[in-house]
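K.L.:
Number of protein chains: 2
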Amino acid sequence: MRLNKKEWFTEAFENQTAFSVRYSKKLHASQSQFQQIEVFQTTAMGRVLSLDGCFMVTEKDSFVYHEMITHPTMAMVSGAESVLVIGGGDGGTITELVKYPSLKSITLCEIDAEVVSTCREFFPEISRGLTDPRVRVVCSDGAAYVKQFTAEFDVILIDSTDPVGPGKALYELEFYQSVKRALKEGGAATFQTESPIMMSEVFGSTVRNLRLVFGDEMAQPYLCVIPSYPGAMWSFTICSVDKKDFSSPSCCLSLDYIEGLQYYGSDVQKAAFVLPQFVRRLIA
Amino acid sequence: MRLNKKEWFTEAFENQTAFSVRYSKKLHASQSQFQQIEVFQTTAMGRVLSLDGCFMVTEKDSFVYHEMITHPTMAMVSGAESVLVIGGGDGGTITELVKYPSLKSITLCEIDAEVVSTCREFFPEISRGLTDPRVRVVCSDGAAYVKQFTAEFDVILIDSTDPVGPGKALYELEFYQSVKRALKEGGAATFQTESPIMMSEVFGSTVRNLRLVFGDEMAQPYLCVIPSYPGAMWSFTICSVDKKDFSSPSCCLSLDYIEGLQYYGSDVQKAAFVLPQFVRRLIA
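For the protein sequence lines, the chains are V and S, in the order given.
In this text, residue positions in the first sequence follow the numbering used here: the first is 1, and each later residue adds one.
In this text, residue positions in the second sequence follow the numbering used here: the first is 1001, and each later residue adds one.
Right under this line is the structure:
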């Protein structure tokens, strides 16, 4: 069958596979200093945000991304007070973070102010954490921003786009070293590390590079499922300067008091670190 | 962007989302007594089999389906000798089953002989188990076929298509009762139960119906990721007449001697039963 361009938003991945969603209305289209920003109203996925033609946020499945970048990391760091999010201009990760009473300072460093304002307007539920008084939004290049800090943050979350365009600098060794330096003792950083099934080379090389910087046992990938992203099997990699057994239940704080979880649980965290055989081989 | 119909095979799900793959050549197209059968050569997914316009088998990701319907069930049933596969005309599940020396009798009941012959021709690696001398292929209606047996099989695998067209009868209570009756004491049956994220109602009602027949604790869903299927988060439900703790490591045989596993491991099995919160709520 052929999809009518006027009714469908399509993201083609390497011009070989494509995921499409039918929309009833295009709510927004603009070209920022950095990228093309569009918002669609759809039946299947709710509202959809695309950046440069790629799915970034959907009301249907973004809870998986935001919960799974945030809670495994917070469960590792007892009493975290300061957190930096790099990227993540949609505010969804911030909305998960503001659920933690221990946090005193929450900084979002997003390069593109227009992503933040678009998401405030069209995704009020996902971005609602941005109004929390502990949150400071810095519109700046994350790679340059993090360089100025030493032992400043308990938690750093790299909520990045793909390694092209504005997200490219967030996949370089120098950036990983800056993030490590900016972490306090006992802290942890989690990086979005792409799909092990559709972007197996980027996944493998990113994890290997993180292990070069943090040490082999100090950087562990874990998985979740995000249907609107290419391959749907999605990875994050959690990195630490002084913790090892990320998947052990004893290492994790109980997050039972966290409200409104749709994906995460401490057993889900543990299971997420169990990698299918082909994924293990990509990082062996 | 618009995808050129001549180069892309597209499966639209409920006319609201679509997954497409670009092909270099259409290798086969026929209309059997039951359905439209097509085979495409693609770069991203290898060869692709579609039935009535839906992705069924791809060389890229079908190992997930075939390993995850087969090995968790076989790990539960010590020394299984007889197995029945209903559906599964591509032969991929059979190819996993023939790895077990304990099996003496392996029956494939596929309604559409043309699916079997097409897969023998175009998917020789996936279907190679069909040549094993223990395998018998019956081209018949699986729901009618299984009715004639009582306490006949140690393992039954329901490798079905969606609950439309030829697959519809495989989602009815009467069929579940027939499968239960056909199981030997200590046996287990595993049903393909669709995507909890894109087909949440079918998933929920199928699991509830299986629990009506087998008992609440005797039917447990588990998950894996199949990118070419709608939603990619895919479920199977394992059912038994006398086993309870499907995810306990002590309940599982070690399958370390099984060759060529790309997804399954005993830890992967255990993790697959840990359901994200929203999936638990669908079957609560």
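All C-beta atoms, glycine included, are put in the ideal place defined by N, C-alpha and C.
1. Are any of the Cβ atoms in chain S nearer than 8 angstroms to that of residue 258 of chain V?
2. Expressed to the nearest angstrom, what Euclidean distance is found between the alpha-carbon atoms of residue 1097 of chain S and residue 1007 of chain S?
3. What residues in its chain sit with their C-beta under 8 angstroms from that of residue 1067 of chain S, if we drop five residues either side in the sequence?
4. Can you tell me the Cα-Cα spacing of residue 87 of chain V and residue 33 of chain V, whole angstroms?
5. Which residue wins for smallest C-alpha separation from residue 253 of chain V, given the options V:238, V:269, V:240, V:241?
6. Applying the 10 Å Cβ sphere with the 16-neighbour rule, what's the burial state of residue 196 of chain V?
7. Quick one: is residue 1048 of chain S near chain V, going by C-beta distance under 8 angstroms?
8. With distances taken between CB atoms, is the gap from residue 1163 of chain S to residue 1171 of chain S smaller than 8 angstroms?
9. Let me see if you follow: with CB-CB separation under 8 angstroms, is residue 1062 of chain S close to chain V or not?
10. From residue 1234 of chain S to residue 1146 of chain S, what distance separates their C-alpha atoms?
11. When you compare the region 1099-1110 of chain S with the region 1018-1030 of chain S, are there three or more beta-carbon pairs, one atom per stretch, that lie closer than 8 angstroms?
12. What is the DSSP secondary structure of residue 1208 of chain S, reduced to helix, strand or coil?
13. Give the single residue among S:1228, S:1237, S:1199 whose Cα lies nearest to the Cα of residue 1213 of chain S.
14. What residues from the region 267-279 of chain V come within 7 angstroms of chain S, judged by C-beta to C-beta, listed N to C?
15. Find out if the Cβ-Cβ distance for the pair residue 64 of chain V, residue 225 of chain V is shorter than 8 angstroms.
16. Judging by CA-CA distance, which residue of S:1239, S:1206, S:1227 is the nearest neighbour of residue 1218 of chain S?
17. Any chance you could list the beta strand (DSSP E) runs of at least 3 consecutive residues sitting entirely within the region 41-128 of chain V, in chain order?
18. Rounded to a whole number of angstroms, what is the C-alpha to C-alpha distance between residue 1014 of chain S and residue 1194 of chain S?
19. Does residue 163 of chain V come out as helix, strand or coil in the three-state DSSP assignment?
20. Counting only the same chain and skipping the five closest in sequence on each side, list residues whose C-beta sits under 8 angstroms from that of residue 1023 of chain S.
21. Pull up the CB-CB distance for residue 291 of chain V and residue 116 of chain V, whole angstroms please, since I reckon it's below 8 angstroms.
22. Is it the case that the Cβ atoms of residue 93 of chain V and residue 69 of chain V are separated by a distance below 8 angstroms?
23. Could you check how far apart the C-beta atoms of residue 1085 of chain S and residue 1119 of chain S are, in whole angstroms? I think they sit under 8 angstroms.
24. Could you check the C-alpha separation between residue 1151 of chain S and residue 1188 of chain S for me, to the nearest Å?
25. So, at 8 angstroms on beta carbons, what are the nonlocal neighbours of residue 1027 of chain S in its own chain, with the 5 sequence-adjacent residues on each side left out?
26. Can you tell me which of the three DSSP states residue 1173 of chain S falls into?
27. Under 9 angstroms between beta-carbons, which chain S residues line up against residue 20 of chain V? List them in chain order, please.
28. When we look at the beta-carbon of residue 185 of chain V and count the other beta-carbons within 10 Å, is it buried (16 or more) or exposed?
29. Residue 1148 of chain S lies in the alpha helix (DSSP H); which residues open and close that run?
30. Identify, in the order they occur along the chain, each residue of the same chain with its Cβ nearer than 8 angstroms to the Cβ of residue 60 of chain V, setting aside the five sequence neighbours on each side.
31. Could you give the distance in angstroms between the alpha-carbon of residue 174 of chain V and the alpha-carbon of residue 140 of chain V?
32. Under 7 angstroms Cβ-Cβ, which residues of chain S neighbour residue 41 of chain V?
33. Decide if residue 1216 of chain S is buried, meaning its Cβ has at least 16 other Cβ atoms within 10 Å, or exposed.
34. When DSSP labels each residue in this structure, what does residue 1284 of chain S get in the three-state scheme?
35. Who are the Cβ neighbours of residue 134 of chain V in its own chain at under 8 angstroms, not counting the five residues just before and after it?
36. Can you find the residues in the same chain that come closer than 6 angstroms, C-beta to C-beta, to residue 1161 of chain S, ignoring five residues on each side of it along the sequence?
P.N.:
On the basis of the supplied data:
1. No - not a single Cβ of chain S is within 8 angstroms of the one on residue 258 of chain V.
2. If I take the Cα positions, the gap works out to 36 angstroms.
3. Contacts found: 1096, 1261, 1262, 1263, 1264.
4. Cα to Cα, the separation comes out at about 15 angstroms.
5. Out of V:238, V:269, V:240, V:241, the CA that lies nearest to the CA of residue 253 of chain V is found in V:269.
6. Residue 196 of chain V comes out buried.
7. No, because no Cβ of chain V sits closer than 8 angstroms to the Cβ of residue 1048 of chain S.
8. Result yes, Cβ atoms of residue 1163 of chain S and residue 1171 of chain S sit closer than 8 angstroms.
9. Not one beta carbon of chain V lies nearer than 8 angstroms to the beta carbon of residue 1062 of chain S.
10. Per the coordinates, the alpha-carbon of residue 1234 of chain S lies some 25 angstroms from the alpha-carbon of residue 1146 of chain S.
11. No: the two stretches stay apart, fewer than three of their Cβ pairs being nearer than 8 angstroms.
12. In the structure shown, residue 1208 of chain S sits in a helix (DSSP, three-state: H, G or I).
13. Of the candidates S:1228, S:1237, S:1199, S:1237 places its Cα closest to the Cα of residue 1213 of chain S.
14. The residues in question are 267, 268, 271, 274, 276, 277, 278.
15. Yes, the pair counts as a contact, with Cβ atoms nearer than the cut-off.
16. Looking at the Cα atoms, S:1239 is the closest of the given residues.
17. If you keep only unbroken beta strand (DSSP E) runs of at least 3 residues inside the region 41-128 of chain V, you get 47-51, 54-58, 82-87, 105-110.
18. Distance from the CA atom of residue 1014 of chain S to the CA atom of residue 1194 of chain S, rounded to whole angstroms, is 14 angstroms.
19. Per DSSP, reduced to three states, the secondary structure at residue 163 of chain V is coil, with no helix or strand assignment.
20. Answer for residue 1023 of chain S: 1007, 1008, 1009, 1040, 1041, 1042, 1048, listed in chain order.
21. What the structure shows of chain V is the stretch from 1 to 284, and residue 291 of chain V is not part of that stretch, so it cannot be assessed.
22. Less than 8 angstroms divides the Cβ of residue 93 of chain V from the Cβ of residue 69 of chain V.
23. About 13 angstroms; that fails the 8 angstroms criterion.
24. Taking the straight line from one Cα to the other gives about 11 angstroms.
25. Correct list, in chain order: 1039, 1040, 1041, 1047, 1122.
26. Looking at residue 1173 of chain S - three-state DSSP - the assignment turns out to be helix.
27. Those within 9 angstroms of residue 20 of chain V in chain S are 1003, 1010, 1012, 1017, 1018, 1019, 1020.
28. In this structure residue 185 of chain V is exposed. Its beta-carbon is surrounded by fewer than 16 other beta-carbon atoms within 10 angstroms.
29. Looking at the DSSP string, residue 1148 of chain S is not in any alpha helix (DSSP H), and its letter there is neither H nor E.
30. Excluding positions up to five away in sequence, the list reads 44, 45, 46, 227, 228.
31. Each residue's Cα considered, the two are about 17 angstroms apart.
32. Neighbours of residue 41 of chain V on chain S: none; closest Cβ ~12 angstroms, over 7 angstroms.
33. The residue in question, residue 1216 of chain S, is exposed, as its Cβ has fewer than 16 Cβ neighbours within 10 Å.
34. Note: residue 1284 of chain S maps to coil in three-state DSSP.
35. Sequence-distant partners of residue 134 of chain V (beyond 5 residues in either direction) whose C-beta falls short of 8 angstroms from its own C-beta, in its chain, are 98, 103, 104, 105, 106.
36. Correct list, in chain order: 1167.
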